[in-house]
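Residue 49 is where the sequence shown starts when you use our numbering, and the numbers rise one by one after that. Every residue gets a Cβ at the ideal spot worked out from N, C-alpha and C, and that includes glycine. Please read these numbers as outputs of a predicted model, since none were measured by experiment.
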Amino acid sequence: MSSEEAQRTDPTDFSEEVRAFYERHPYPAPVTDLNRYRERWANAERRRSAFHLLWPAERYRDDLEVLVAGCGTSQVAKHAMRQPAARVTGIDVSESSLRHTRELQRKYGIDNLDLHQLPLERIETLGRRFDKIVCTGVLHHLPDPDAGLRALRAVLAPGGAMHLMVYAAYGRSGVYMLQAYCRLLGVRALDNELDDLGATLDQLPHRHPLAHLLHQAKDFRSAAALADALLHPRDRAYTVPQLYAWLERCGLSFGRWFLQAPYLAQCGMVARTPHAGRLASLAAPQQHAALELFRGTMVKHEFIAYRDDRSGEAQPIRFDGDRWLDYVPVRMPATMSVRERLPVGAVAVLLNSAHTHTDIFLPIDAVEERLFGAIDGTHCINEILRVASDNPDDPDNRDGARRFFERLWRYDQIVFDATR
Ligand SMILES: C[S@@+](CC[C@H](N)C(=O)[O-])C[C@H]1O[C@@H](n2cnc3c(N)ncnc32)[C@H](O)[C@@H]1O
């Protein structure tokens, strides 16, 4: 029996309501041009940084088995395109989303991609194991997110990694208010109704809890995004403690945030508050929970998780001892250096444009700039110090460098290849 037949003949058919929604409103809005995407990912450092974000303690390889679960209209085509040596599988319940993906596959001759119309709850029927599972924006729509996550966990290879994204509770309070508003009015996801809804949102009070999202998310005003956010038949959101508990229930352990700075006591304005020391002394889960409460506007949690029975530590990045000297820093995508409106003593400010919190930026001085400029994705910190520091064996210089590379890592400027 094919996976399509298995889906049609299942009496429980638990995904039907959500499937029907995405048949009518494929999300994200389909794209037809992946040329820029392909160019960006031709950069080997970008591919290495994506790998070591998930596996800092493993040697780079590109022959991975990858699953994109709930792949939507283009996500899995992008993953297959950027990793030609990987074998990539995309599944989705929405045939119209898969059709858009097939068009991209044909257009760009992507031949390392298999597509299946299949609910992720039944992924085991493919009889495969995956090194990397990407599931973003999907699990929070399932009737039973635990069952969905457990199904993915069951096909994750022992040393594999999951890249997950689910909605965050507090920052979405405005979304839930507008969802309730739309229910009161009986607004439906029809073209003319979405136009009216968009025009109504233009007049939303500036201090409405939804306002930060309207300004932050570039595509929020598109019909597809409005339908997905405000008229979805089902979604739920997680606080940080709920997220940690969810992973534990489903046999997974938390690895790291995709972008970690917003969750850390050492980054941004919170680091200058009287509570900074107390926050920093909390264990990681409590610190992350406190930062979610402090920031108040996080709308999603994007993170890496591993099997809880994995052997060896998955994210062994430490700055005590001497191991940090052997780490090879690899720049993260979306980082940039700015030279305008600099704070006193700074020669540049480092940003990651994927951050949405405007207080997360890192001023650097002239010494730090030289170290930063010597990062090439192949030399370890010790080697960088030898070429870019005047006196690399001076304990003060070494200590300054240690603190600087730790800051770069915390601020999502770099990941580490810690395999040496
Ligand atoms: C918000 S879209 C996200 C698409 C894609 N992951 C991305 O980030 O661009 C959610 C997708 O999940 C799919 N989906 C929903 N329930 C599913 C299920 N049970 N199994 C597989 N796919 C599902 C929908 O059809 C839709 O394409």
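DSSP three-state assignment for residue i, whether helix, strand or coil
i	result
Leu238	coil
Ser97	helix
Arg84	helix
Asp444	helix
Ala54	Because Ala54 sits at a pLDDT of 41, beneath the cut-off of 50, its placement in the model cannot be relied upon, and the following sentence gives the value as read from the coordinates. Ala54 falls in the helix class under three-state DSSP.
Arg468	coil
Ala117	strand
Phe302	strand
Val66	helix
Arg135	strand
Val463	strand
Thr60	Any reading at Thr60 needs caution, since the residue's pLDDT is 41, under 50, leaving its predicted position unreliable; the model's value is listed next. Reduced to three states, the DSSP call for Thr60 is coil.
Arg450	helix
Whether residue i touches residue j by CB criterion (9 Å)
i	j	result
Asp514	Tyr459	Past the edges of the chain, shown from 49 to 468, lies residue 514, and the structure says nothing about it.
Ser145	Tyr215	no
Ala414	Leu433	no
Asp162	Thr121	no
His405	Arg304	no
Ala44	Ala324	Within the shown structure, residues of the chain are numbered from 49 to 468, placing residue 44 beyond reach of any answer.
Glu93	Gly421	no
Arg282	His189	yes
Val186	Val347	no
Tyr286	Ala217	yes
Supposed close pair residue i, residue j - CB separation, criterion 8 Å
i	j	result
Leu373	Asn430	4 Å
His211	Val463	So it is not a contact: roughly 13 Å between Cβ atoms.
Val203	Arg170	The Cβ separation is near 11 Å, so there is no contact.
Tyr156	Met129	6 Å
Ala125	Leu152	4 Å
Practice item. Write down every uninterrupted run of the alpha helix (DSSP H) in the region 323-388 whose length is 4 residues or greater and which is fully enclosed by it, in chain order. Key: 324-328, 332-343
Practice item. At 4 residues or longer, and completely inside the region 204-286: list those alpha helix (DSSP H) runs for me, N to C. Key: 221-233, 239-249, 259-264, 271-278
**Study point:** Segment contact, 8 Å Cβ cut-off, at least three pairs: the region 291-307 with the region 195-204
**Key:** Flag = yes, the region 291-307 and the region 195-204 touch.
Review point. Is the region 363-378 in contact with the region 451-458, if contact means three or more CB pairs nearer than 8 Å?
Key: By the criterion of at least three beta-carbon pairs nearer than 8 Å, the region 363-378 is in contact with the region 451-458.
Review point. In chain order, which alpha helix (DSSP H) runs of at least 4 residues are fully inside the region 143-205?
Key: 143-156, 193-202
Practice item. Any chance you could list the alpha helix (DSSP H) runs of at least 4 consecutive residues sitting entirely within the region 394-444, in chain order? Key: 414-421, 429-436
Exercise for review: Report yes or no: do the region 373-387 and the region 77-97 share at least 3 C-beta pairs separated by less than 8 Å?
Suggested key: yes
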